[in-house]
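Enquirer: First residue of the sequence shown? That's 1 in my numbering, and the numbers climb one at a time after it. Using N, Cα and C, we set each Cβ at its ideal position, and we do this for glycine too. All values derive from a computational prediction rather than experimental measurement.
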Amino acid sequence: MLTDTHCHLADSALAGRLPEITAAAQAAGVRRFIVPAVTEADFDAVCQLHAPPTYYGALGLHPWFAESFQPGLISRIAECLQAQPGLLVGEIGLDYYGDRKHTRAAQTATLLAQLDLAQQFSRPVLLHHVRAAADVVAALKHSGFRSGGIAHAFSGSLEEARAFIHCGLLLGIGTLVLNPNARKVCTAAAALPLEHLVLETDSPFMQIASAGENTPANVWQVAETVAALRGISTQEVAAATEQNVNRLLSFS
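1) Output the boundary residues of the alpha helix (DSSP H) element that contains Asp42.
2) What does Pro36 pair with, by DSSP beta-bridge criteria?
3) Any chance you could list the alpha helix (DSSP H) runs of at least 4 consecutive residues sitting entirely within the segment 191-249, in chain order?
4) For Val177, collect the residues of the same chain with a Cβ closer than 8 Å to its Cβ; drop the 5 residues on either side in sequence, then sort them by chain order.
5) Enumerate in chain order the residues of its own chain whose CB-to-CB distance from Thr3 is below 8 Å, with the five nearest sequence positions on each side excluded.
6) Using alpha carbons as the reference points, say which of Thr201, Glu67 and Ser155 lies closest to Asn181.
7) Suppose the cutoff is 6 Å on Cβ atoms and the five residues either side in sequence are ignored; what does the same chain contact list for Ala133 look like?
8) Can you tell me which residues form a DSSP beta bridge with Thr3?
9) Report yes if the CB atom of Leu87 is closer than 7 Å to the CB atom of Leu81, and no otherwise.
10) Would you check if the segment 140-147 and the segment 98-107 touch, i.e. whether three or more CB-CB distances between them fall below 8 Å?
11) Here's the rule I'm using: 16 or more other beta-carbon atoms within 10 Å means buried, otherwise exposed. How should Glu195 be labelled?
12) State the Cα-Cα distance for the pair Cys7 and Ser203, rounded to the nearest angstrom.
13) His128 and Pro216: beta carbons closer than 7 Å?
14) Would Glu67 and Thr103 be called neighbours here (beta carbons separated by less than 7 Å)?
15) Inspect the beta-carbon positions of Ala151 and Leu169 and report whether they are closer than 7 Å.
16) When DSSP builds the beta bridges, which residues end up paired with Val89?
17) CA-CA distance, Gln119 and Met1?
18) Cutting at 6 Å between CB atoms, please list the residues of its own chain near Phe121, excluding the five before and the five after it.
19) Could you tell me the distance, in whole angstroms, from the CA atom of Thr234 to the CA atom of Asn214?
20) Pick helix, strand or coil for Leu9, following the three-state DSSP scheme.
21) For Pro85, I'd like the list of residues in its chain whose CB is within less than 7 Å of its CB, leaving aside the five on either flank, ordered along the chain.
22) Could you check if Glu91 is buried or exposed, using at least 16 other CB atoms within 10 Å of its CB as the buried criterion?
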């Protein structure tokens, strides 16, 4: 069995075909899904989909939308976390790509508020970190956050990886590893201890040439690639990463 630890099944591109997409994933050996929200508009759909032990929802405000943050959002997430104990917090984080670096203050304030909430409820987080790994780590340290989670779509250096690990996070290895020119993520997938890795697709985003539409079924291809980079069997990668996911979700 494998888990897609980051798939946007509440997104309109996938939500209308959920039975088909789930069946294809299960046929590929993918039996568990962690589904993050991006904006408050996603919350109802994610909560309705949340059904452990198959589907685990995560609620949060993505950094792209940090300027829309209102304090009432924290209260709403808190109510949902109280009502549905298996929920995580996410997708949250920082994104400094292009013009988004001009919203750093809003992003940081939004991230810290959500980290504080996740710590209050002892929930793992799904962390977005585009060109902002050092500041995300700084926010984790500043907040004293120690409830675990995943550095989603990791593509950084080994030094950045070790900084996230030191903060108690797992590293999400996604479909970027299928690109042999993505040297940093390939190096991380090959060199870091398996006990720190989990697998994901970020579907329907991160389109991949070999598979067309990106769906959770592609987790198996990610596992095969990680195995090839490490010179071990896909089954060994699957067993280790599933153990990591089980540990992550043991709060529920």
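Expert: Taking the structure as given:
1) It is not in any alpha helix (DSSP H) - Asp42 carries neither H nor E in the DSSP assignment.
2) In DSSP, Pro36 forms a bridge with Ala58.
3) 219-230 and 234-248
4) Val185, Cys186, Ala189, Val222, Thr225, Val226 and Leu229
5) Val30, Arg31, Arg32, Phe33, Ile34, Val198, Leu199, Val219, Thr241, Glu242 and Val245
6) Considering only alpha carbons, the answer is Ser155.
7) Gly156 and Glu160
8) Arg32
9) yes
10) no
11) It counts as exposed.
12) 5 Å
13) Not a contact, by the Cβ cut-off of 7 Å.
14) yes
15) yes
16) Secondary-structure assignment with DSSP links Val89 through a beta bridge to Leu59 and Val125.
17) 30 Å
18) Once the five neighbours on either side are set aside, the close Cβ partners of Phe121 are Leu81.
19) 20 Å
20) coil
21) Ser252
22) buried
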